[in-house]
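Below is one structure; the comments refer to it alone.
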Amino acid sequence: MKLGDLARQIGCELEGDAALEIHGPAPIDDAGPGEVTFVANPRYQSRLKSLRASAVILAPGMDAPGVAILRTEQPYVAFVRMLGLFHEPLRPAAGIDATAHVSASARIGSRAAIGPYAVIGDDVTIGADARIDAHVVIYPRVTIGDRFTAHAHAIVRERVTIGHDVKLQPGAVIGAEGFGYIPDEKGVRPIPQTGTVVLEDGVEIGANTTIDRAAVGATRIRRGAKIDNLVQIGHGCEVGESALLAAQVGLAGSTKIGPGAQLGGQVGSAGHLTIGAGARVAAQSGVPNDVAAGAVVSGYPAVDIRLWRRAVAAWARLPDLLRRVRQIERRLGIRAGSDE
Amino acid sequence: MKLGDLARQIGCELEGDAALEIHGPAPIDDAGPGEVTFVANPRYQSRLKSLRASAVILAPGMDAPGVAILRTEQPYVAFVRMLGLFHEPLRPAAGIDATAHVSASARIGSRAAIGPYAVIGDDVTIGADARIDAHVVIYPRVTIGDRFTAHAHAIVRERVTIGHDVKLQPGAVIGAEGFGYIPDEKGVRPIPQTGTVVLEDGVEIGANTTIDRAAVGATRIRRGAKIDNLVQIGHGCEVGESALLAAQVGLAGSTKIGPGAQLGGQVGSAGHLTIGAGARVAAQSGVPNDVAAGAVVSGYPAVDIRLWRRAVAAWARLPDLLRRVRQIERRLGIRAGSDE
Amino acid sequence: MKLGDLARQIGCELEGDAALEIHGPAPIDDAGPGEVTFVANPRYQSRLKSLRASAVILAPGMDAPGVAILRTEQPYVAFVRMLGLFHEPLRPAAGIDATAHVSASARIGSRAAIGPYAVIGDDVTIGADARIDAHVVIYPRVTIGDRFTAHAHAIVRERVTIGHDVKLQPGAVIGAEGFGYIPDEKGVRPIPQTGTVVLEDGVEIGANTTIDRAAVGATRIRRGAKIDNLVQIGHGCEVGESALLAAQVGLAGSTKIGPGAQLGGQVGSAGHLTIGAGARVAAQSGVPNDVAAGAVVSGYPAVDIRLWRRAVAAWARLPDLLRRVRQIERRLGIRAGSDE
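Chains as they are written, first to last, in the numbering used here: chain A, 1 to 340; chain B, 1 to 340; chain C, 1 to 340.
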C-alpha cells in the first residue's frame with residue numbers, strides 16, 4: 001500500500017512522500033523501513049529522534065526528523081485503524097471436521113466451521129456463522145446465538161445461554177459448579193448448583209477464565225462486557241453492560257458490577273456487594289463494601305483514590321513519624337506508652 | 001409440588017396456603033409466581049415488601065406481606081434442601097464412548113460413563129461409577145477410587161493417587177511438574193520433580209486449578225478438602241481435612257494448611273510454613289509466617305484481624321496525623337526532622 | 001544402589017556404612033529405612049534427632065545421631081543430584097498416534113512422540129525429538145525448534161515462534177488475543193491483535209498460564225526464562241533471559257522484565273514499565289513504576305524492601321501512635337483537628 005493511500009484510509013494528513021511503499025504497522029522499537037509506527041504516550045517522545053520506520057503517526061506539536069509524518073489529533077485511533085487494514089486473521093473454512101462429535105439432536109446454523117475433536121452435546125442450538133475450534137466442548141442443552149467464536153479447549157457446561165457475537169478465548173470455562181458448601185456432621189457438604197450462566201450479546205471471555213453457574217438463577221454477563229484472562233467470576237454475579245475486567249480479577253459470589261465499570265488486574269471483590277456504574281477500581285485493590293457509581297477507588301480495603309494516594313505517601317514516612325513523636329514525648333517528659 | 005409437601009420435606013412450618021403449586025426455587029430478585037425464595041441476610045430484608053414469589057423461607061421475627069411463609073430457624077439450610085429437591089443434574093448414561101482412547105492395560109470399574117475423546121493411559125485403575133467427561137486425560141499409572149467425577153479437559157498426570165468421591169471441575173490439572181530450579185553456569189536448571197500428588201476421599205478441585213507434584217514425596221490434599229477455581233498449590237504442600245480454599249489462592253512450596261482452615265480468595269502464602277487447624281485467613285491476605293491454630297488473620301503481611309482493622313482505620317487518618325504532628329512540632333519549636 | 005556409590009555420584013563424603021542398600025530419596029518427614037533425605041534449612045534441624053531415614057545429606061557442623069551422613073558444603077545441590085539419579089520420567093515411545101490429526105502440510109522432525117487427539121495445523125514446522133501429549137493443539141503456521149515438550153491440552157495459537165528445548169505444562173495457552181479495546185459509539189470495540197508470541201530457547205511455561213500475542217510485533221519470552229502456573233503475560237511484554245516468574249504473576253501490556261529478574265507469586269505489574277536486570281520483587285507486590293536493575297522491592301505500591309519492612313513494622317503500631325498523639329495534644333491544650 002502507498003503511504004498516501006494509507007493516510008487517506010486512516011484519516012491522517014500526510015507530511016511526506018505519498019508514493020512510499022508500506023508493508024505494515026510495527027511497534028516503535030522494531031519498526032524498520034516500509035513500516036509505520038505511532039507515538040501517543042509522551043514517555044516515548046525521546047525515541048522519535050532515532051526512528052527507523054518509514055513513517056510515524058503523530059499528534060500536532062510533535063515532530064520526528066527524517067521520516068514521513070501521518071498527522072492526526074488521535075494517533076492511537078489512527079494506528080488501530082491501520083492494524084485493521086493489515087490484519088489477516090486466520091479464518092478456518094466453513095465445514096464440520098469429520099472427527100467432530102456432534103449430537104444428532106444438535107441444531108447448527110449455516111456456514112459453521114467446526115474443528116477436529118470438537119464435542120457438541122444433545123439438544124444444543126447454535127446460530128449462523130459459528131467458528132468452533134479444535135477440542136471445544138459444548139455440553140447438552142446449551143443455546144448460542146450467531147457469529148459465535150470458541151477457540152481451542154473452551155468449555156460451555158450444560159444449559160448455559162449465550163447471545164450473538166460472543167467470543168471465548170482458549171481454555172475458558174463457562175458454567176462450572178460454583179463453590180458452595182454447607183457445614184454438616186462430617187465436615188462440609190456441597191450445595192447443589194442448580195442455576196446457569198447467561199452471556200449476552202458481544203461478550204468476550206479471556207483464556208482460562210472461569211465463570212461459575214449460579215446456585216439458583218443465573219450468573220449474568222451483560223451486553224458488550226469484556227473479561228480478560230484467568231478471571232474468576234463466582235456464582236450469582238452480574239457484570240454490567242460494557243464493563244471491562246482485567247486479567248486475574250476475582251469476584252466472590254453475588255457481586256454486581258455496574259455498566260461501564262472498569263476493574264484493574266488482580267482486583268478482588270467480596271460477595272453480595274455492588275460496584276456502581278462507571279466506577280473504576282485500581283489494579284490489585286480489594287473491595288469489601290459497595291462502591292458508588294462513578295467512584296475511583298484503590299487499595300486494600302479500597303478507598304477513594306485521592307485518599308489512597310495521600311495515605312500511601314504518608315505510609316512511607318511512618319518510620320520517620322514514629323521517631324518524631326518519640327522526640328516530642330521526650331521533650332514533654334511523657335513516658336512512651338504512659339496514659340498520664 | 002404442593003407448598004405443604006415442600007414445607008414438610010424441608011422442615012419448615014407453613015404460614016399460608018398448603019395447596020399452592022410450586023415449580024422451584026429462585027433468587028430473591030428473579031422469583032415470580034410459583035417460585036420460592038429465602039432471606040437470611042438482613043441486608044435483603046427491605047426487599048420483602050415487593051416480593052413476587054409465591055413463598056419465602058424466613059427466620060422467626062421477619063415478615064413478608066402478601067406471600068406464604070416457610071418458617072424455620074435456619075432459612076439457608078432449608079433453601080439448600082429445597083435446591084436438592086428440584087435439582088436434576090445432568091447424568092451421562094453409563095458406557096464408554098467409541099472415541100474414548102482407553103489403554104488395554106487400564107482397569108475401569110463397573111457402570112463407568114466415559115465421554116468422547118477421553119484418554120486413559122496404561123496401567124490406570126479406576127473404581128466403580130466413574131463419570132469421565134469429554135477430553136479428560138488420565139496419564140499412565142494413576143490410581144483412582146469409586147465415584148470419581150472429572151469434567152471436560154481435566155488432566156491427571158502420571159502416578160497420581162486419588163481416593164473415593166473425588167470431583168474435578170473442567171480444566172483442573174493434577175500433578176504438573178513443580179516450579180523448581182537451581183542456578184547453574186548457564187542460568188538455571190530444572191530440579192527433577194520425582195514425587196506425586198495424593199487427593200484423598202471427598203476432595204473437590206475447581207476449574208483450571210493447578211496442583212503440582214512434589215519434588216520428592218507427595219503433595220497431599222486431605223479428606224474432604226474443597227478447593228475453588230484457579231488456585232495454585234505448589235509442590236510438596238499439604239492441605240488439611242475439610243479445609244476450604246477460595247478462588248485464586250496461591251500456596252508456595254511445602255506449605256501446610258491445617259484441618260478445617262479457611263483461606264479467602266486470592267490469599268497467598270509463602271512456602272515452608274504452617275497455617276494451623278481451623279485458622280481463617282481473610283481474602284487477599286499475604287501470609288509470610290506460621291499462623292496459629294484458630295487464629296483469624298488479615299492483611300499483607302497477615303496479622304490478627306482485630307489489629308488489622310484498627311491499623312487500617314488509623315491508616316486512612318495518616319495524612320491528618322502527619323499534619324497534627326507538624327502542628328505540635330511548630331508549637332514546641334521543633335524543626336521537623338531535627339534530632340535535638 | 002549402595003550408599004557408598006551414591007556418595008561418590010553426588011559428591012559427598014560418607015560417614016557411615018558404604019554397603020547400605022538405598023532405594024531412593026524422600027522428604028524428611030516421610031523418609032524411612034532405605035531412603036535418604038537432606039537438611040539445609042536450619043528450621044528443620046530439630047528433626048534430625050528423630051530421623052527414620054537410612055542416611056541424611058548434611059553440611060559441616062550439623063549432626064544426626066544414629067544415621068549415616070553424606071557430608072557436603074551444599075546439601076541441597078547434592079540432593080538435587082540424587083533426585084536426578086533415581087528419577088525415571090515417563091517417556092512416551094516415539095510415534096504418531098493413529099488418532100492424532102496432523103495436517104499434510106505440517107513438517108515434523110524425527111523421533112516425535114505425538115499422543116492421541118493431538119491437532120497440528122497447516123504449515124506447522126516442528127524440530128526433532130518432539131514430545132506432544134494428548135489433546136495438544138498447535139494452530140497453523142507455528143514454527144517450533146528441537147526437543148519440544150507439550151503436555152496435555154497445551155495450546156499454541158497461529159504464527160507463534162518457539163525455539164529449542166521449550167516445555168509447556170498442561171493447559172498453557174500461548175498466543176491468545178491480547179485484551180485491547182477502544183471506545184466507540186456503542187461501548188468498546190476490539191483492537192486487532194495482529195502480532196505474535198516468541199518463546200526463545202529453553203523457556204518453560206507453567207500449567208494453565210496464558211501468554212497473549214502482541215497487538216503489533218511480538219510478546220517475547222527470552223532464552224531460559226521460566227514461568228510458573230496460572231501466570232498472565234499481557235500483549236507486548238518482554239521477559240528477559242533466565243528471569244523467573246512465580247505462580248499467578250500478572251504483567252499488564254508492554255511490561256519489560258530484565259534478564260535474571262525474579263518476581264514472587266501473585267506479583268502484579270502495571271504496563272509500559274521496566275523492571276531492571278536482576279531485580280527482585282517480593283510476593284504479592286504491586287509495581288506501578290520502573291524498578292531499577294538489582295533493586296529488591298516489596299509492597300503495594302512496591303518500594304525498597306528495607307523501607308517496606310520498617311513501614312510495615314510501624315504500621316502495626318499505628319493505633320498506638322494515634323493514641324500517643326492525642327495524649328500530646330491534650331497535654332498542650334491543642335484541640336484535635338484544630339489548625340491553631
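Glycine is no exception: its CB is placed at the ideal position from the N, C-alpha and C atoms.
This structure is a prediction, so every number in the text was calculated from the model and none was measured.
Those residues which DSSP pairs with residue i across a bridge
| i | result |
| --- | --- |
| K49 (chain A) | Answer is none; K49 (chain A) lacks a bridge partner. |
| A55 (chain C) | C:V36, C:A68 |
| Q262 (chain B) | B:L244, B:R280 |
| Y181 (chain C) | C:P190 |
| S110 (chain A) | None; S110 (chain A) has no bridge partner. |
| G250 (chain A) | A:Q232, A:G268 |
| D212 (chain A) | A:A176 |
| A150 (chain C) | C:I132, C:L168 |
| S298 (chain B) | B:V303 |
| E21 (chain A) | A:K2 |
| E390 (chain C) | Since the first residue of chain C shown is 1 and the last is 340, residue 390 (chain C) is not available in this structure. |
| E238 (chain B) | B:R220, B:K256 |
| V156 (chain A) | A:I138, A:I174 |
Residues near residue i by beta carbon distance below 6 Å, same chain, minus five either side
| i | result |
| --- | --- |
| V142 (chain C) | V124, V156, V160 |
| V102 (chain A) | I120 |
| A130 (chain B) | A112, F148 |
| F358 (chain B) | Because chain B is modelled from 1 through 340, residue 358 (chain B) falls outside the range shown and cannot be assessed. |
| I162 (chain A) | I144, L199 |
| A40 (chain B) | P75, Y76 |
The beta strand (DSSP E) enclosing residue i, as first and last residue numbers
| i | result |
| --- | --- |
| E177 (chain C) | 173-177 |
| R220 (chain C) | 218-221 |
| P190 (chain A) | 187-190 |
| L230 (chain C) | Counting along the chain, L230 (chain C) falls outside any beta strand (DSSP E), and DSSP gives it neither H nor E. |
| R310 (chain B) | Run containing R310 (chain B): none in the beta strand (DSSP E); it sits in the alpha helix (DSSP H), 305-315. |
| E15 (chain A) | 13-15 |
| L348 (chain A) | Since the first residue of chain A shown is 1 and the last is 340, residue 348 (chain A) is not available in this structure. |
| V197 (chain C) | 196-199 |
Cutoff 8 Å; reference residue i; Cβ partners in own chain excluding five residues on either side
| i | result |
| --- | --- |
| R81 (chain B) | Q9, I10, G11 |
| G265 (chain B) | D228, A246, A247, Q248, V249, A283, Q284 |
| L85 (chain A) | M1, L6, Q9, I10 |
| G260 (chain B) | G240, E241, S242, A243, A277, G278 |
| A93 (chain B) | A113 |
| L321 (chain B) | A314 |
Sequence-distant residues of its chain with Cβ nearer than 7 Å to residue i (five each side left out)
| i | result |
| --- | --- |
| G95 (chain B) | A113 |
| D339 (chain C) | Unreliable placement is indicated for D339 (chain C), whose pLDDT of 47 sits below 50; the coordinate value is still reported in the next sentence. Once the five neighbours on either side are set aside, D339 (chain C) has no close Cβ partner at all. |
| V216 (chain A) | T194, G195 |
| L83 (chain C) | P25 |
| H151 (chain A) | D133, L168, Q169, P170 |
Element boundaries [alpha helix (DSSP H), containing residue i]
| i | result |
| --- | --- |
| L318 (chain A) | 318-332 |
| V291 (chain B) | It is not in any alpha helix (DSSP H) - V291 (chain B) carries neither H nor E in the DSSP assignment. |
| L83 (chain B) | 75-86 |
Taking Cβ-Cβ distances below 8 Å as the criterion, which residues of the stretch 244-258 of chain B are in contact with chain C? Under the 8 Å Cβ criterion, the stretch 244-258 of chain B contributes Q248, G250, A252.
Kindly confirm or deny that the stretch 173-184 of chain B and the stretch 197-205 of chain B touch, where touching means at least three C-beta pairs closer than 8 Å. yes
Which residues, in chain order, does the stretch 72-89 of chain A contribute to contact with chain C at a C-beta distance below 7 Å? Answer in chain order: V77, V80, L83, G84, F86, H87.
With a cut-off of 8 Å, do at least 3 Cβ pairs link the stretch 16-36 of chain A to the stretch 60-79 of chain A? yes
Could you check whether the stretch 326-336 of chain C touches the stretch 298-311 of chain C, counting it as contact only if at least three pairs of C-beta atoms, one from each stretch, sit closer than 8 Å? no
Could you name the residues of the stretch 208-237 of chain C whose beta carbon sits closer than 7 Å to any beta carbon of chain B, in the order they occur along the chain? Identification of residues in the stretch 208-237 of chain C having a C-beta nearer than 7 Å to some C-beta of chain B yields N208, G224, K226, D228, N229, L230, given in sequence order.
Closer than 7 Å between beta carbons: that is the criterion. Which residues of the stretch 165-180 of chain C meet it against chain B? Q169, P170, G171
Using 8 Å as the Cβ pair cut-off and three pairs as the minimum, do the stretch 103-123 of chain B and the stretch 47-56 of chain B touch? no
Counting pairs of beta carbons, one from the stretch 122-138 of chain A and one from the stretch 30-44 of chain A, are three or more of them closer than 8 Å? no
Any residues in the stretch 151-165 of chain A with a beta carbon nearer than 9 Å to a beta carbon of chain B? Which ones, in chain order? Residues H153, I155, R157, E158, R159.
Residues within the stretch 301-332 of chain B neighbouring chain A, beta-carbon criterion of under 8 Å: Answer in chain order: V312, W315, A316, L318, P319, L321, L322, V325, I328, E329, L332.
Give the residues from the stretch 186-200 of chain C that approach chain A closer than 9 Å (Cβ to any Cβ), ordered along the chain. K186, G187, V188, R189, P190, I191, P192, Q193, T194, G195
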